[in-house]
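Colleague:
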């Protein structure tokens with residue numbers, strides 16, 4: 001496999017590409033490298049490769065002409081080369097992409113400097129932006145080394161044992177299991193018995209469980225895309241219940257029936273809906289919320305709510321459907337939003353951050369921010385009935401979530417649907 005590196009600093013790669021397995025792979029011809037410096041395509045005596053950006057702003061931008069000359073020469077020598085550009089806005093570099101690139105005969109990598117490339121370069125050439133992470137580097141050379149090593153080690157002949165390249169972290173969407181070697185006991189810590197048993201089936205099962213447990217503990221966001229069996233899922237459920245502090249207990253929601261808007265945008269009170277009580281209650285129980293409040297100051301509505309809850313948590317409904325009883329056991333009545341806030345404060349010892357939800361406006365808080373807050377303090381999500389929460393109630397909140405479908409013109413979900421979507425975004429299985 002051949003790598004072409006377009007870089008202003010080819011010497012940057014001298015040591016990394018001349019050490020360890022990479023050096024052996026180069027000696028054997030498994031991989032090889034060539035370098036193209038855009039400075040060699042300049043025509044002025046200063047070999048200028050950058051200039052100030054149009055429109056002003058900090059930094060310098062790489063000139064298009066030296067890059068275009070360099071890339072045309074590259075394309076002439078290697079018509080089928082796949083050209084990558086290391087850029088923060090590019091496609092995320094993953095093990096899957098590394099496997100894909102390892103099947104190519106020739107990969108070219110553009111390493112930027114300064115503020116990046118003149119945008120017209122991408123219009124003129126078939127270039128794929130690739131990003132190795134959400135952080136800033138001095139240039140693309142360090143990022144390119146990540147790509148080179150991850151891809152080269154998947155090329156047949158690079159590794160000592162072919163399976164070594166795949167039996168590692170991320171190869172199957174999970175973190176790797178722990179490894180042990182001699183001595184059998186080190187500073188009082190023994191090698192796990194199963195690894196000394198000689199039972200390859202038990203060892204494989206132990207390694208799989210260790211891999212699953214490590215991923216759950218350290219990188220749970222990988223689990224939704226990882227291939228999992230029913231056995232894996234059963235193990236993860238048990239492990240999560242046993243060891244993982246689930247943040248759902250810090251999330252609470254309230255379905256507000258007053259003050260909300262009617263069609264004329266007037267602040268009114270609306271009646272309870274049986275489906276809202278049941279469906280949001282079941283969602284709240286599924287995602288492990290700390291509580292679900294029905295907010296209404298109207299006395300007959302409170303009596304109606306109490307009667308529904310007693311039927312399912314104490315009366316005939318509990319015997320007929322105990323799962324429904326468990327879900328409705330989370331439901332509490334409150335005269336006002338402040339009453340719900342006071343109840344959460346009393347039960348948790350902390351005042352909750354109160355977040356409004358709305359299908360209108362831009363919002364000032366993302367679900368990721370709410371997820372982070374849950375690690376430190378409780379959050380109360382307010383869902384509005386009628387035509388949405390009253391503006392003065394929204395203004396009194398600590399923040400407002402961004403609308404669920406803010407990029408589309410039609411954003412008219414039922415409150416039950418919106419609550420389910422928002423809960424899942426904040427508290428999906430990986431959190």
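Numbering (UniProt numbering), first residue to last: 1 to 431. Ideal placement from N, C-alpha and C gives every residue a C-beta, glycine not left out.
1) Quick one: any contact between the region 262–269 and the region 381–393, if contact means 3 or more CB pairs under 8 Å?
2) Grab the span of the alpha helix (DSSP H) containing residue 326 for me, first residue to last.
3) For the putative contact between residue 441 and residue 108, defined by C-beta atoms under 8 Å, what is the C-beta separation to the nearest angstrom?
4) Apart from the five residues on each side of it in sequence, which residues of its chain come closer than 7 Å, Cβ to Cβ, to residue 7?
5) With residue 5 and residue 144 assumed to form a contact (beta carbons below 8 Å), what rounded beta-carbon distance in angstroms separates them?
6) Only counting the same chain, and skipping five residues up and downstream in sequence, which positions put a Cβ closer than 7 Å to that of residue 209?
7) Who are the Cβ neighbours of residue 70 in its own chain at under 7 Å, not counting the five residues just before and after it?
8) Buried or exposed: residue 406, going by 16 or more other Cβ atoms within 10 Å of its Cβ?
9) Take the Cβ of residue 310 as the centre, count every other Cβ of all protein chains shown within 10 Å, and call the residue buried at 16 or more, exposed below.
10) Residue range of the alpha helix (DSSP H) that residue 308 falls in?
11) Pair every Cβ in the region 129–139 with every Cβ in the region 93–107, then say whether three or more of these pairs are closer than 8 Å.
12) How many Å lie between residue 439 and residue 23 at the Cα?
13) Would the beta-carbon of residue 30 fall within 7 Å of that of residue 158?
14) Just mark residue 341 as buried or exposed, buried being the case when its beta carbon has 16 or more other beta carbons within 10 Å.
15) Using the rule of at least 16 other Cβ atoms within 10 Å of the residue's Cβ for burial, across every protein chain shown, is residue 321 buried or exposed?
16) Who are the near neighbours of residue 301 in its chain, counting only those whose CB is closer than 6 Å to its CB and skipping five residues on each side?
17) Considering only C-alpha positions, which residue in the set 3, 172 and 123 is nearest to residue 433?
18) Using CA coordinates, which residue listed in 122, 178, 186 and 216 is at the minimum distance from residue 203?
19) Determine the DSSP secondary structure at residue 267, reduced to helix, strand or coil.
20) Answer with buried or exposed for residue 233, where buried requires no fewer than 16 other C-beta atoms within 10 angstroms of its C-beta.
21) Relative to the C-alpha of residue 355, which candidate in 337, 347 and 316 has its C-alpha closest?
22) Just the Cα atoms here: how many angstroms apart are residue 279 and residue 63?
23) Note the first and the last residue of the continuous beta strand (DSSP E) segment covering residue 34.
24) Can you tell me which of the three DSSP states residue 356 falls into?
25) Any idea what DSSP makes of residue 82, helix, strand or coil?
26) Suppose the cutoff is 8 Å on Cβ atoms and the five residues either side in sequence are ignored; what does the same chain contact list for residue 432 look like?
27) Check for me: the beta strand (DSSP E) holding residue 8 runs from which residue to which?
28) Looking at residue 357 and residue 318, is the spacing between their C-beta atoms short of 7 Å?
29) Spatial neighbours of residue 399 within its chain, please: C-beta separation below 6 Å, excluding the five flanking residues on both sides.
30) Do you know offhand how far residue 331's Cα is from residue 360's?
31) Do residue 256 and residue 382 come within 7 Å of each other at the CB atom, strictly closer than that value?
32) When you compare each of 180, 261, 427 and 290 to residue 344 by their alpha carbons, which one comes out closest?
33) So, helix, strand or coil for residue 201, using DSSP?
34) Taking the alpha-carbon positions, what's the residue 194 to residue 213 distance?
35) Taking only the alpha-carbon atoms, compute the straight-line gap between residue 297 and residue 260 and give it to the nearest angstrom.
36) By a C-beta neighbour count over all protein chains shown, 10 Å radius and 16 as the cutoff for buried, is residue 223 buried or exposed?
Modeller: This is what the structure holds:
1) Between the region 262–269 and the region 381–393 there are three or more inter-stretch CB-CB distances shorter than 8 Å, so the stretches are counted as touching.
2) 322–328 is the span of the alpha helix (DSSP H), which, as asked, contains residue 326.
3) Since the displayed the chain opens at 1 and closes at 431, residue 441 lies outside it and no answer follows.
4) Hits under 7 Å: 35, 37, 111 and 141.
5) Contact between residue 5 and residue 144 holds: their C-beta atoms lie close to 6 Å from each other, under 8 Å.
6) Hits under 7 Å: 235.
7) Short of 7 Å from the beta carbon of residue 70, and not among the five residues preceding or following it, lie these beta carbons of its own chain, in chain order: 6, 36, 38 and 41.
8) With fewer than 16 neighbouring CB atoms inside 10 Å of its own CB, residue 406 falls in the exposed class.
9) Exposure of residue 310 is indicated by the presence of fewer than 16 other C-beta atoms within 10 angstroms of its C-beta.
10) For residue 308, the enclosing alpha helix (DSSP H) has its first and last residue at 299–313.
11) Because the criterion of three Cβ pairs below 8 Å is met, the region 129–139 and the region 93–107 touch.
12) With the chain represented from 1 up to 431, any question about residue 439 goes unanswered, as that position is not in the structure.
13) The Cβ atoms of residue 30 and residue 158 lie closer than 7 Å to each other.
14) Buried, since its Cβ has 16 or more Cβ neighbours within 10 Å.
15) Exposed is the call here.
16) Excluding the 5 residues flanking it on each side, residue 301 has same chain C-beta neighbours closer than 6 Å at 272, in chain order.
17) Lying before the first or after the last residue shown, residue 433 is absent from the chain, which here runs from 1 to 431.
18) In terms of Cα proximity to residue 203, the closest of 122, 178, 186 and 216 is 178.
19) Under the three-state reduction of DSSP output, residue 267 falls in the strand class.
20) Counting C-beta atoms within 10 angstroms of its own C-beta, residue 233 has fewer than 16 neighbours from the protein chains shown and is therefore classed as exposed.
21) In this structure, 337 is the residue among 337, 347 and 316 with its C-alpha nearest to the C-alpha of residue 355.
22) Within the model, the alpha-carbon separation for residue 279 versus residue 63 is close to 59 Å.
23) Its beta strand (DSSP E) spans residues 32–36.
24) Correct three-state label for residue 356: strand.
25) Here residue 82 sits in strand by DSSP.
26) Outside the modelled stretch of the chain, which goes from 1 to 431, sits residue 432, for which no answer is possible.
27) Secondary structure note for residue 8: it is in no beta strand (DSSP E), with a DSSP letter that is neither H nor E.
28) Contact flag unset, no.
29) 355, 364 and 365, listed in sequence order.
30) When the Cα atoms are used, residue 331 and residue 360 turn out to be separated by approximately 27 Å.
31) For residue 382 and residue 256, yes; Cβs fall inside 7 Å.
32) If we check each option's Cα against that of residue 344, 290 comes out closest.
33) Looking at residue 201 - three-state DSSP - the assignment turns out to be helix.
34) So the alpha carbons of these two residues sit roughly 17 Å apart.
35) Residue 297 and residue 260 have their C-alpha atoms spaced approximately 12 Å apart.
36) Answer is buried; the Cβ neighbour count reaches 16.
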